[in-house]
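K.L.:
Counting from 39, one number per residue, gives the positions in the sequence shown under our numbering.
Each residue gets a CB set at the ideal place from its N, CA and C atoms; glycine is no exception.
Small disclaimer: the values here were computed from a predicted structure and weren't measured.
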Amino acid sequence: MTLLQITSLLIVLAGAFGAINYLFLKLPASIGILIVALMASLAVMGLDALMPALGMADAVKTQVESIEFSKALLEGMLGLLLFAGALHVKTTDLMREWRLVFLMATLGVALSTVVVGVGFSWVTGMPILVALVFGALISPTDPVAVLGVLRAADLRKSLETKIAGESLFNDGVGYVVFLVLIGLAFPGGESTSSPWLGALRLFVQEAVGGAVLGLALGWLTFRVMRRIDDYSLEVLITLGLAFGGYELAVALHVSAPIMAVCAGLLIGEVGTRHGMSEETRNYVEAFWKLIDEILNAVLFLMIGFEVFAVAFSLDTLLAGVLAIALALIGRLVAVAVPVLLLRPFRTFSPGVIPVMTWGGLKGGISVALALSLPAGEWKPLILTATYVVVLFSIIVQGLTVAPLARRASREPELV
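#1: Along the alpha helix (DSSP H) that carries residue 59, what are the first and last residues, could you check?
#2: Contact defined as beta carbons within less than 8 Å: I believe residue 321 pairs with residue 298. What is the distance between those atoms, to the nearest angstrom?
#3: Thinking C-alpha only, which one of 139, 442 and 306 is nearest residue 377?
#4: Taking the alpha carbon of residue 401 as the point to measure from, which residue in 182, 418 and 223 has its own alpha carbon closest?
#5: Count the other C-beta atoms from every protein chain shown that fall within 10 angstroms of the C-beta of residue 317, then say buried if there are 16 or more, exposed otherwise.
#6: Comparing alpha-carbon positions, which option in 167, 39 and 254 lies nearest residue 219?
#7: Within 10 angstroms of the Cβ of residue 451, are there 16 or more other Cβ atoms? Answer buried if so, exposed if not.
#8: Going by the CB atoms, is the gap between residue 68 and residue 346 shorter than 9 Å?
#9: Of the choices 304, 132 and 440, whose alpha-carbon is the least far from that of residue 200?
#10: Mind checking which residues open and close the alpha helix (DSSP H) that includes residue 416?
#11: List the whole-angstrom C-beta distance separating residue 223 from residue 171, where the pair is believed to meet the contact cut-off of C-beta under 8 Å.
#12: Under 8 Å Cβ to Cβ from residue 336, same chain only, skipping five residues before and after it: list those, please.
#13: Whether or not the region 141 to 152 and the region 368 to 377 are in contact is what I'm after, with contact meaning three or more pairs of Cβ atoms, one per stretch, closer than 8 Å; do they touch?
#14: Could you spell out the range, first to last residue, of the alpha helix (DSSP H) harbouring residue 323?
#15: Between 118, 82, 268 and 136, which lies nearest to residue 384 when the distance is taken from Cα to Cα?
#16: Expressed to the nearest angstrom, what Euclidean distance is found between the alpha-carbon atoms of residue 159 and residue 357?
#17: Grab me the residues of residue 431's own chain with a C-beta within less than 6 Å of its C-beta, minus the 5 sequence neighbours each way, in chain order.
#18: By alpha-carbon positions, which one of 173, 157, 83 and 196 ends up nearest to residue 473?
#19: Measuring alpha carbon to alpha carbon, tell me which of 59, 418, 414 and 342 ends up nearest residue 353.
#20: Could you tell me which of 333, 427 and 388 sits nearest to residue 363, measuring between CA atoms?
#21: Looking only at its chain, what residues have a beta carbon closer than 6 Å to the beta carbon of residue 446, apart from the 5 residues adjacent to it on each side?
#22: Can the beta-carbon of residue 305 be found closer than 9 Å to that of residue 256?
#23: Under three-state DSSP, which class holds residue 53?
#24: Tell me, to the nearest whole angstrom, how far the beta carbon of residue 408 is from that of residue 420; I am working on the premise that it is less than 8 Å.
#25: What's the C-alpha gap between residue 293 and residue 327?
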C-alpha cells in the first residue's frame with residue numbers, strides 16, 4: 039500500500055471506531071478508539087483461529103508491520119503531538135513547578151529505570167543491562183496519553199501543570215538513557231569506552247541541543263509572526279515550525295521531542311500573547327487542538343492494531359502482568375522521592391503522590407521504543423511486556439484517574 043492509502047485507511051478507521059465509541063461505549067475518545075481497535079484485532083485473530091484457511095490474521099499483520107509504527111511515531115507524528123501539547127501549557131504556570139518537574143524528569147526517570155530493570159531481571163532471568171533497557175523505555179510517562187486524559191480529568195491547575203510539565207520533558211531524558219543502555223546491552227549498538235562520558239555527551243547533545251534549537255526556532259518564528267497579521271499564514275508558519283524544526287533536529291542529531299516541546303512552550307506563551315491578534319490566536323489554538331485530536335485518534339488506533347506485532351504466550355503474558363506491578367512501583371518511587379526531597383521547602387497537597395503515580399500513563403512512545411530494539415532473544419518478551427503495561431496504563435489507569443483526582447480534590451488545595 040502507498041503512504042496515501044495507509045493514511046486514508048487509518049483516518050477512515052479512526053473515524054468509524056470513534057463513531058462506534060461515541061454511540062455505544064461513550065468512553066473518552068482516544069481510549070474508546072483504542073478499545074474498539076483492540077476488540078476488532080482480537081476478533082480477527084479469533085476468526086482466523088476458527089477458520090485458518092482465511093488467513094486474515096496474517097494479512098492484517100503484514101499490513102500492520104508495513105506501517106512501521108516506530109518510525110511513524112518517533113519520526114513523524116510525535117513532533118506535531120508534542121508541539122500541540124506544549125502550546126497549551128503556560129510557561130508561567132510551569133515555572134512555579136519547575137523544581138518538581140525537573141527532579142521527576144531526571145532523578146525520577148533514573149530511579150524508575152533502576153527499580154523496573156532490576157525487578158524485571160529478577161523476575162525473568164534477563165541480563166541486567168537488557169532489563170535496564172526495558173526499565174528505560176517503560177519509565178517515562180507518555181505526554182500524548184497523559185495530556186489526552188488530563189483534558190477530561192478536570193484536575194487542579196497546579197496538579198495538572200505538574201503532570202503535564204513532567205510528561206512533556208521526561209520522555210526526552212528517558213530516550214537519552216535508552217540510547218546509552220542500548221549501546222551497552224546489544225551488540226552492534228553505539229557502545230562507548232566510558233558509559234558515563236557517553237551518557238554526558240548524549241545528554242548535552244540531545245537534551246540541551248534540542249532545547250536550544252527549539253527556543254531559537256520558536257523565537258525566530260515569534261519575531262516573524264509579530265510582523266504579520268494574517269491568521270491563515272500564521273497558522274501555516276506554526277505548522278512549518280513543528281514539521282521543519284522536528285526534521286532539522288533529527289538532521290542535527292539533537293532531541294527532536296525536546297525541540298518540539300520548547301518551541302511549543304515559547305509560541306504558546308510569548309507568541310500568542312505578543313505576536314498574534316485575538317483572531318489569529320483563536321484560529322491557531324483551534325487548529326492545533328484539532329490536529330491534536332485527530333493524531334491522538336490515529337495513534338491510539340495504531341496501538342490497538344499493534345497487538346498483531348506482539349508474540350503472546352503464557353510466560354510472556356505472566357511477565358507482562360508482573361511488569362505492570364513493577365512499572366507502578368517504579369512510578370511511585372519516581373514521584374515520591376522528588377516530593378519528599380522538596381517537602382522541607384514547600385507544602386504539597388495530600389493527594390499529589392497517589393494522583394501523580396496513577397496519572398503517569400504509558401503510551402505509544404514505549405511501544406515504539408520496544409519495536410525499535412535490535413532483533414534478539416529478549417526482544418519478543420520486552421515487546422509483549424511493554425504492550426501489556428501500555429494497555430493496562432491507558433485503559434485501566436486512564437479510565438480511573440479522573441475519579442481518583444476528584445477524590446483528591448476534596449482535600450484542601452495547597453500547592
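P.N.:
Here's the rundown:
#1: That residue, residue 59, is in no alpha helix (DSSP H); it is neither H nor E in DSSP.
#2: With 8 Å as the limit, residue 321 and residue 298 do not qualify as a contact, their Cβ atoms being about 20 Å apart.
#3: Per the Cα distances, 139.
#4: 182
#5: exposed
#6: For residue 219, the nearest C-alpha among the options comes from 167.
#7: Low confidence applies here, because residue 451 scores a pLDDT of 48, under 50, leaving its location unreliable; read the following figure in that light. Exposed, by the Cβ-count rule.
#8: no
#9: 132
#10: In the DSSP assignment, residue 416 falls outside any alpha helix (DSSP H) and carries neither an H nor an E.
#11: 5 Å
#12: 48, 49, 52 and 115
#13: yes
#14: 316 to 343
#15: 136
#16: Whole-angstrom Cα-Cα distance: 11 Å.
#17: 399 and 400
#18: No statement about residue 473 is possible, as the shown extent of the chain runs from 39 to 453 and does not include it.
#19: 418
#20: It is 427 whose Cα lies nearest to the Cα of residue 363.
#21: 389 and 393
#22: Yes, the Cβ-Cβ distance between residue 305 and residue 256 is below 9 Å.
#23: helix
#24: 6 Å
#25: 24 Å
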